[in-house]
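For reference, each letter of the sequence shown is one residue, going 1 to 488 in full-length UniProt numbering. Idealized CB from N, CA, C, for every residue including glycine. All values derive from a computational prediction rather than experimental measurement. These notes concern the structure reproduced below.
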Amino acid sequence: MPAYDVVVLGAGPAGTSAALRLAALGHRTALVERSDFPRPHVGESLSPGIGNILDYLGLPGLATAASGLSDLPGWLLWDDPEPRPILPEQRGPACMVDRARFDALLLDAARTRGVAVLQPARLLASERNGDTWRLTIRHGAAEMRLHTRLLLDATGRAGQRPRRRLPLSAETLSICARVEAGTLPHATHIEALPEGWLWGSPHPAGDYRIMAFVDPVNSLRPAARLSALLERSRLFNAAQGRVTAVLVRPATAHCDAEPWREGRIKLGDAAFALDPLSSSGVEKAMRFALQTVIAVNTLLREPTSTELAREFYEDRLTQAVITHGRWTAGYYARAFGMAEQPFWQARAKPWQLPSDGDASPWWERLRLALAEPASAESVDAPPLPPISALNDPVHAWNRPVALCPELRIVQVPCVIDDCVRRGAAVAHPALAHPVAFLAGVELVPLLDAVPVVGSLGQLVGQWADTVPRQAAVRMAGWLLQRGVLRLV
Ligand SMILES: Cc1cc2nc3c(=O)[nH]c(=O)nc-3n(C[C@H](O)[C@H](O)[C@H](O)COP(=O)(O)OP(=O)(O)OC[C@H]3O[C@@H](n4cnc5c(N)ncnc54)[C@H](O)[C@@H]3O)c2cc1C
């Protein structure tokens, strides 16, 4: 019977990134995908951060190879009464890909780099015996059995069973459709309307894709609802009466009530499905998958650190939910002239979870974290002082520095050599969460120097023994901006 360290279910961006990284760390990894590839998938507008993740995985250029359309101009009708252009340089290196091709290329890379890919295949049964899973899998026409130490669930939104799903925002439906190229200008478009919002983009296949995001409750059929929205739209009006291939998909933000269970861990949309407003679901799914790999690597290499690995995983997931929730509520609140509309009122509210006697410890922890007020950093950090201002001998350079009395040193899970270890970090009311490393350098030892130096200039000089001088100045600026360091 084949034996693996990890079996990953689902070969979307989260599952395949995790499998690639686990194989690179030397773990015997299998990936089980139920569909044949290439298969279509929503989530084709990739946010700029995807480039760093692909570089980290050793796959630069994969988005371009997936027929990526970059440098698209855009029009936004959201926070102003008139449409506003978005220039390609303002959007950063974002691009529109063919997801069928993107996922297939990612999976090819995993196969080439030693991941055992079972496709089309699905899990029929799982049985935990001590610290091992015994899985029964249908692979094509055959049934096979295999052993694994850990099971990762990256099956996407489908992976969250309705009873174990915690809705974080108002229930939302997306109505997806396409129109012929040339119907609308070759640009992305986003528009807020009283009953919902519209998004559209040219697609690498040559046509133009449109999505409407609306409340699910309405007696009209999806095609008629979309048509009504297009009719009153200013940016999408030319598409009215010309849409084809209308499909409906759920788009509510939710997370799993118990994403970490003994030996079975969720990642990507199966753990936390975002509101599509940010167009960053793929990036966030891959980012969290790589963080989950750190926890999994710790479980496999240092089983005595299981609780620490779990704490790290839950910290990162909590942080992802909170950051995304605050951003989306704030962005919905900015829609011009929509404050009285029920669709917008429901979504501009901060995310909350109900308390429940049967809640899992994770659910209760997330509920309390969501109820906490936002830190000054996540609300509105003041702009970083220009480096020239810090170098200015009159205003800053020669002034004495001190640590803020509200600063605390706490022990938190940190990533060291791809494993979770407990390390010292700086906690402060202006920081959204404790910070252990700044620009890859341990922060607490750097701050030890503060009480013994005379001035900001001397502090930077001392730090410049271990980090490049420009980086030392920037780090001082970052700490001053947040009030962790003070000029006295
Ligand atoms: C309407 C809508 C629009 C969106 N637009 C964007 C966007 O523009 N940009 C963006 O970045 N994100 C967008 N997203 C979000 C994005 O699609 C997801 O965040 C992303 O696909 C999550 O990746 P994943 O790997 O976790 O899951 P998925 O991509 O869903 O992959 C899951 C995989 O698991 C497989 N699977 C499912 N069940 C099983 C099973 N039982 N056994 C084996 N395999 C299984 C599936 O076939 C699939 O291949 C959008 C989401 C929605 C709903």
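Residue 251 and residue 344 have their alpha carbons spaced roughly 15 Å apart. Restricting attention to 184, 426, 38, the CA atom closest to the CA of residue 120 is found in 38. The beta-carbon distance between residue 42 and residue 68, rounded to whole angstroms, is 16 Å. This is too long to meet the 8 Å contact definition. Distances from the CB of residue 143 to the heavy atoms of ligand 1 are all 6 Å or more.
Closest option to residue 326, judged by alpha-carbon separation, among 351, 45, 271: 351.
Short of 6 Å from the beta carbon of residue 402, and not among the five residues preceding or following it, lie these beta carbons of its own chain, in chain order: 486, 488. In terms of side-chain proximity, the C-beta atom of residue 245 is found no nearer than 6 Å to any non-hydrogen atom of ligand 1.
Distance between residue 57 and residue 20, taken at the CA atoms: about 7 Å. Here residue 475 is buried. Its C-beta has 16 or more other C-beta atoms within 10 Å. Per DSSP, residue 296 is one residue of the alpha helix (DSSP H) stretching across 281 to 301. Non-local C-beta neighbours of residue 428 in its own chain, meaning closer than 8 Å and more than five positions away in sequence, comprise 404, 406, 407, 408, 482, 483, 484, ordered along the chain. Rounded to the nearest angstrom, the gap between the Cα atoms of residue 66 and residue 370 is 37 Å. Burial is judged here by how many other beta carbons sit within 10 angstroms of a residue's own beta carbon; residue 336 has fewer than 16 and is exposed. Residue 364 carries a helical assignment under DSSP once its states are collapsed to helix, strand and coil.
CA-CA distance, residue 306 to residue 299, rounds to 6 Å.
CA-CA distance, residue 253 to residue 167, rounds to 6 Å.
Annotation: the continuous alpha helix (DSSP H) that includes residue 463 extends over 456 to 463.
As for any alpha helix (DSSP H) of minimum length 4 sitting wholly inside the stretch 407 to 454, the runs are 443 to 448, ordered along the chain. With fewer than 16 other beta carbons inside 10 angstroms of its own, residue 247 counts as exposed.
In the structure shown, residue 403 adopts extended strand secondary structure according to DSSP, grouped into three states.
Ligand 1 approaches residue 155 closely enough that one of its heavy atoms is under 6 Å from the residue's Cβ. Minimum Cα-Cα distance from residue 122 among the listed residues 182, 49, 30 corresponds to 30.
Of the candidates 110, 255, 478, the residue whose Cα lies closest to the Cα of residue 366 is 255. In the DSSP assignment, residue 24 falls within the unbroken alpha helix (DSSP H) covering 13 to 24. Using a cutoff of 6 Å, the CB of residue 14 counts as near ligand 1, since one of the ligand's heavy atoms is closer than that. Remark: C-beta atoms of residue 13 and residue 282 approach each other more closely than 7 Å. In this structure, residue 222 sits near residue 175, with a CB-CB distance shorter than 7 Å. Residue 27 is positioned such that its CB atom lies closer than 7 Å to that of residue 6. Beyond the five residues adjoining it in sequence on each side, residue 398 comes within less than 8 Å, by CB distance, of 455, 456, 457 in the same chain, given in chain order.
The stretch 69 to 78 makes no contact with the stretch 159 to 166: fewer than 3 CB pairs, one atom from each, lie closer than 8 Å.
Scanning the stretch 5 to 90 for uninterrupted beta strand (DSSP E) segments of 3 residues or longer gives 29 to 32, 74 to 77, 84 to 86, listed from N- to C-terminal end. Taking the Cβ of residue 74 as the reference point, every heavy atom of ligand 1 lies at 6 Å or farther away. Per the coordinates, the alpha-carbon of residue 341 lies some 54 Å from the alpha-carbon of residue 129. The C-beta of residue 275 has 16 or more other C-beta atoms within 10 Å across all chains shown, which makes the residue buried. Under the DSSP definition of a beta bridge, residue 117 partners with 31.
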